[in-house]
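Novice: Quick one: the structure is below, questions incoming.
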Amino acid sequence: NKLGGVLALVLSILILALFPMLHTSKQRSMAFRPLSQCLLWLLAANLLI
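Below you can see the structure in the form of structure tokens.
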């Protein structure tokens, strides 16, 4: 059924668009944790080498 597929596609995009607004975590982002951010980039550089 094409209508069901189109409806599922539109609803999945709508759900993905609403996720940032539903995020109510009290945890701060990586920008507030300089040591963790440095370690993350060190890990990324290590994986690329």
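Under full-length UniProt numbering, the sequence shown has 16 at position 16, and the numbering climbs by one with no breaks. The C-beta atom is built at its ideal place from N, Cα and C for all residues, glycine as well. These numbers come from a predicted model, not from an experiment.
1. Measuring only the C-alpha atoms, how far is A45 from S36?
2. Pull up the distance between the alpha-carbon of K34 and that of L48, whole angstroms please.
3. At which residues does the alpha helix (DSSP H) containing I15 begin and terminate?
4. To the nearest angstrom, report how far apart L43 and L3 are at their CA atoms.
Specialist: Taking the definition as stated:
1. 14 Å
2. With the sequence shown as reference, residue 34 is identified as Pro, and Lys is not the correct amino acid for it. Looking at the two C-alpha atoms, the distance is approximately 21 Å.
3. 2-22
4. 45 Å
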